[in-house]
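Have a look at the structure below before the remarks.
Number of protein chains: 2
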Amino acid sequence: MIIYYFYVKLITNIKIYKGYLKLIPKIKPKSERKKSLDDYIVKKHLKSTTQRDIIFDQFFNYLGQHVTVDELYESVKRQYSRIGYATIYRTLKLFKECGLAHERNFGDGRAKYEPVKFDGEHHDHLICLGCEKIIEFANNEIESCSLRVARLNKFDVINHKLELYGYCDSCSVNNKRAAG
Amino acid sequence: MIIYYFYVKLITNIKIYKGYLKLIPKIKPKSERKKSLDDYIVKKHLKSTTQRDIIFDQFFNYLGQHVTVDELYESVKRQYSRIGYATIYRTLKLFKECGLAHERNFGDGRAKYEPVKFDGEHHDHLICLGCEKIIEFANNEIESCSLRVARLNKFDVINHKLELYGYCDSCSVNNKRAAG
DNA sequence: CTTGATGCAAAGCTTTTGCATCTGC
DNA sequence: GCAGATGCAAAAGCTTTGCATCAAG
Numbered sequence: 058m059i060i061y062y063f064y065v066k067l068i069t070n071i072k073i074y075k076g077y078l079k080l081i082p083k084i085k086p087k088s089e090r091k092k093s094l095d096d097y098i099v100k101k102h103l104k105s106t107t108q109r110d111i112i113f114d115q116f117f118n119y120l121g122q123h124v125t126v127d128e129l130y131e132s133v134k135r136q137y138s139r140i141g142y143a144t145i146y147r148t149l150k151l152f153k154e155c156g157l158a159h160e161r162n163f164g165d166g167r168a169k170y171e172p173v174k175f176d177g178e179h180h181d182h183l184i185c186l187g188c189e190k191i192i193e194f195a196n197n198e199i200e201s202c203s204l205r206v207a208r209l210n211k212f213d214v215i216n217h218k219l220e221l222y223g224y225c226d227s228c229s230v231n232n233k234r235a236a237g
Numbered sequence: 058m059i060i061y062y063f064y065v066k067l068i069t070n071i072k073i074y075k076g077y078l079k080l081i082p083k084i085k086p087k088s089e090r091k092k093s094l095d096d097y098i099v100k101k102h103l104k105s106t107t108q109r110d111i112i113f114d115q116f117f118n119y120l121g122q123h124v125t126v127d128e129l130y131e132s133v134k135r136q137y138s139r140i141g142y143a144t145i146y147r148t149l150k151l152f153k154e155c156g157l158a159h160e161r162n163f164g165d166g167r168a169k170y171e172p173v174k175f176d177g178e179h180h181d182h183l184i185c186l187g188c189e190k191i192i193e194f195a196n197n198e199i200e201s202c203s204l205r206v207a208r209l210n211k212f213d214v215i216n217h218k219l220e221l222y223g224y225c226d227s228c229s230v231n232n233k234r235a236a237g
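In the order they appear, the protein sequences are chains Z and R. For the first sequence, my numbering begins at 58 and goes up steadily by one. For the second sequence, my numbering begins at 58 and goes up steadily by one.
Here it is, written out as structure tokens:
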């Protein structure tokens, strides 16, 4: 039992949820992400380059959760000044293809990219209209409602997105102050 | 009681839902929509023009639920050949401002516009990745879950969007045939 | 030495804007 | 006649692409 517990701890986190043990997959370590990319590069007969390594490093190790192309470009430029936008775009496309990154669009016309935390991960977003802060959340109940609605419509759901737009704690306090 | 029933019928539809009477606001009739627009035009010291009338008519009376700017442009052009894209964009912006239309973006880079059915209406979308069909739905449970999540994060939600991407009945049948 | 990757500039797309002209009111 | 509306073309902003050159395997 204890040995099993430690084995499970290796690949997941354990949480008590409504009296049940819930297994939450562990976030991919850096090395595993790099391996995914390298494997994909070999499999598809692509090439490993300095630029790709630097973009990888900046995207997965130094930048935050929701990054614009501009932010990544500026960040990479500090390490490798000859970098071009096209390479950033092409490399992000590569990350998407091998399942390491997701592209998001929150309606301001510029795509945001986020590292995928573990295989098959899904989460949704709270987006602050004041300070543009983005909070991630996951909610099983919403997922199952959605699937039920889909079934009623004979729809085969591949993925979904739920975005809640509003004001975060500090922004709504400021709003009320400004209004009152 | 009967008089009350008829009064309620005037402004809503009545449906039995889990044993309760449920009041569903009536879809705005054409005339009321036109009045909203005209009132807004007067209030804001704007002007009523032929172009606006034709765009209004095409958008609310002849086209479907999810229309691109291109579709609306082509449709209006048949009635008024000198129309320009700028006028379409500016008029749709006007419709949004007076709460008559919503802008949607389902990720293909072109906005889609839909008439608002009644004041404060909200619905979500099932989007078929095969035939691009869009199905609307509303689900109270999802709404309340969302609000609960928001409250947990001390978020003041202004609006939300939920989009389920997948394959509709006929497209998923075709997919399975193609795959098998 | 072959094939893929890169950087640059140009092009693509959707949407917005500046401006001369037109038209409600 | 004045303020707002229109049409056109140009610009803006993000993303993709063509092409000569570079570099990995």
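We treat Cβ as the ideally placed atom computed from N, Cα and C, and that holds for glycine. Predicted model, so just to flag it, every value in this text is computed and none were measured.
Candidates the options, of which the one nearest residue i by Cα
{"i": "T107/Z", "options": "K85/Z, K100/Z, P86/Z and T144/Z", "result": "T144/Z"}
{"i": "G177/R", "options": "K92/R, N216/R and L129/R", "result": "N216/R"}
{"i": "R208/Z", "options": "G223/R, F212/R and A207/R", "result": "G223/R"}
{"i": "Y119/Z", "options": "N162/Z, K87/Z and C185/Z", "result": "K87/Z"}
{"i": "G187/R", "options": "H159/R, F163/R and N231/R", "result": "N231/R"}
Distance between residue j and residue i (C-alpha atoms, nearest Å)
{"i": "D127/Z", "j": "K169/R", "result": "27 Å"}
{"i": "S203/Z", "j": "I199/R", "result": "8 Å"}
{"i": "H179/Z", "j": "E171/Z", "result": "12 Å"}
{"i": "C225/R", "j": "V124/R", "result": "20 Å"}
{"i": "D181/R", "j": "K104/Z", "result": "43 Å"}
{"i": "E89/R", "j": "S229/R", "result": "40 Å"}
{"i": "K174/R", "j": "F117/R", "result": "10 Å"}
{"i": "K190/R", "j": "K150/R", "result": "25 Å"}
{"i": "N210/Z", "j": "S201/Z", "result": "14 Å"}
{"i": "G76/R", "j": "N196/Z", "result": "Note on G76/R: pLDDT 48, under 50, position unreliable in the model; no value is reported."}
{"i": "Q122/R", "j": "D213/Z", "result": "22 Å"}
{"i": "G141/R", "j": "T148/R", "result": "11 Å"}
{"i": "I192/R", "j": "Y137/R", "result": "31 Å"}
{"i": "R205/R", "j": "S227/Z", "result": "18 Å"}
{"i": "R161/R", "j": "L221/Z", "result": "15 Å"}
{"i": "Y130/Z", "j": "I111/Z", "result": "11 Å"}
{"i": "F113/R", "j": "K218/Z", "result": "31 Å"}
{"i": "S132/R", "j": "L183/Z", "result": "37 Å"}
{"i": "F163/R", "j": "Y146/R", "result": "18 Å"}
{"i": "F194/R", "j": "K134/Z", "result": "46 Å"}
{"i": "G166/Z", "j": "C185/Z", "result": "16 Å"}
{"i": "S256/Z", "j": "I84/Z", "result": "Missing from the structure shown is residue 256/Z; chain Z here goes from 58 to 237 and no further."}
{"i": "R109/Z", "j": "K91/Z", "result": "11 Å"}
{"i": "K115/R", "j": "H159/Z", "result": "The identity of residue 115/R in the sequence shown is Gln, whereas the question assumes Lys. Roughly 38 Å between the two C-alpha positions."}
{"i": "K101/Z", "j": "R139/Z", "result": "26 Å"}
Residues bridged to residue i [DSSP beta-bridge criterion]
{"i": "T125/Z", "result": "K169/Z"}
Cβ-heavy atom distance, residue i to the ligand ATP, below 7 Å
{"i": "K153/R", "result": "The ligand content of the structure shown is nil, which means the ligand ATP is not present either."}
Sequence ranges, alpha helix (DSSP H) only - wholly within the stretch 153 to 235 of chain Z, length at least 4: 197 to 209
Inter-stretch contact (C-beta, 8 Å, three-pair minimum) for the stretch 138 to 158 of chain Z and the stretch 85 to 103 of chain Z: yes
4 or more residues per run - each alpha helix (DSSP H) lying fully within the stretch 95 to 144 of chain Z: 107 to 114 and 126 to 134
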